[in-house]
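Its first residue numbered 17, the sequence shown is counted upward by one per residue in the working numbering.
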Amino acid sequence: MEPIYYVHYKYTIMKKPLIGITLDSEKKKSYSKFPWYALRENYITSLSKFNAIPVPLTHEIKLVNSFGKLLDGLVITGGNFDIDPKFYNQTRQGTKNTKRKRTNFEMKIFNKFLKLNKPILGICGGAQLINVASGGTLIQDLNKKPINHEQINPRNETSHEITINKKTKLFDICNRNKIKVNSAHHQSVYEVGKDLTVSAKASDGIIEGIEHKKHRWCIGLQWHPEFLITKFDLKIFKNFIENI
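Quick look at the structure:
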């Protein structure tokens with residue numbers, strides 16, 4: 017088994033960062049007759065590429081404090097789910113597949129890492145989770161706006177352009193005002209939560225990036241950078257790991 021330590025330069029021994037990754041959960045009988053967890057492989061490989069050790073997180077709230085002590089960073093993933101609109105004081109108006117246990121866990125672990133000031137990356141539904149956990153709201157169904165945010169072409173290809181706001185951490189990382197991204201979502205951030213700012217938008221006005229004003233590294237991205245399609249996706253993961 018590969019050790020979690022490696023030699024940096026000549027004398028310094030450095031610990032490889034442990035990154036918690038939230039899991040999706042399913043009850044469909046395609047894999048098992050019983051409930052099971054799910055995680056796409058490239059969530060793992062996009063972290064291990066930069067010498068981080070991914071740690072999948074079960075939805076056990078009693079373990080949140082232990083995860084907070086053990087782990088160096090957090091990735092809140094997307095998945096086959098919507099956040100129950102009760103979390104942002106709305107009724108269902110297009111929300112589909114809610115998973116309350118998952119959302120409860122992700123709310124708790126997000127707030128734990130926010131308090132600990134440890135790096136947080138929210139991807140797709142993870143970005144929406146960050147916003148809702150911060151008191152924001154969501155558009156429950158985009159209804160195929162001018163841009164189809166559930167792209168028809170393969171997910172490992174880009175489909176539309178976004179504009180990154182200057183004076184944001186995302187702009188500092190990418191060093192580019194416009195980049196191309198992939199897209200696989202029918203909901204998005206609407207009213208931005210407390211202490212969050214918008215870092216990127218699509219041309220139809222849909223929010224594609226948010227980040228925390230006070231936390232040292234807390235970014236939510238509506239697209240899926242874990243596919244590492246562009247050099248900007250690579251830069252985001254590299255910067256995330258380097259800030260641990």
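Backbone N, C-alpha and C define an ideal beta-carbon position, used for all residues, glycine too.
Length-filtered (4 minimum) alpha helix (DSSP H) runs lying within the stretch 62–123:
Taking only runs of at least 4 residues, the alpha helix (DSSP H) segments lying wholly in the stretch 62–123 are 80–86.
Are the stretch 89–96 and the stretch 124–140 in contact at 8 angstroms, needing three or more beta carbon pairs? With contact defined as three or more Cβ pairs closer than 8 angstroms, the stretch 89–96 and the stretch 124–140 are in contact.
Per DSSP, what kind of secondary structure is K128 in: helix, strand or coil?
For the purposes of this step, residue 128 is taken as the residue at position 112 of the sequence shown. Under the three-state reduction of DSSP output, K128 falls in the helix class.
request  = Assign F50 to buried or exposed, taking buried as 16 or more other Cβ atoms, counted over all protein chains shown, within 10 Å of its Cβ.
outcome  = Residue numbering aside, residue 50 sits at position 34 when the sequence shown is read from its first letter. Counting the other CB atoms within 10 Å of its CB gives F50 a total below 16, which places it among the exposed residues.
Sequence-distant residues of its chain with Cβ nearer than 6 angstroms to Y104 (five each side left out): Here residue 104 is taken as the residue at index 88 of the sequence shown, counted from 1. If we look at Y104 and ignore the five residues flanking it on each side, its Cβ neighbours are V148, T153.
Does DSSP put Y53 in a helix, a strand or coil? Stepping through the sequence shown from its first residue, residue 53 is reached at position 37. Strand.
Check: Alpha carbon to alpha carbon, what distance is there between H165 and G36?
Finding: The residue you call residue 36 lines up with position 20 of the sequence shown. The residue you call residue 165 lines up with position 149 of the sequence shown. If you take the alpha carbons of G36 and H165, they lie about 27 angstroms apart.
message: Judging by CA-CA distance, which residue of E76, T61, H75 is the nearest neighbour of E242?
response: Counted from its first residue, the sequence shown places residue 242 at position 226. Considering only E76, T61, H75, the residue with the shortest C-alpha distance to E242 is T61.
- To which residues of the same chain is N259 closer than 6 angstroms at the C-beta, ignoring the five residues directly before and after it? Within the sequence shown, the letter at position 243 stands for residue 259. Contacts found: P135, W233.
Self-check item: Beta-ladder partner(s) of I257, from DSSP
Solution: The residue labelled residue 257 in the question sits at position 241 within the sequence shown. I257 is not bridged to any residue.
DSSP state of G142 mapped onto helix, strand, coil: Here residue 142 refers to the residue found at position 126 when the sequence shown is read from its first residue. In the structure shown, G142 adopts helical secondary structure according to DSSP, grouped into three states.
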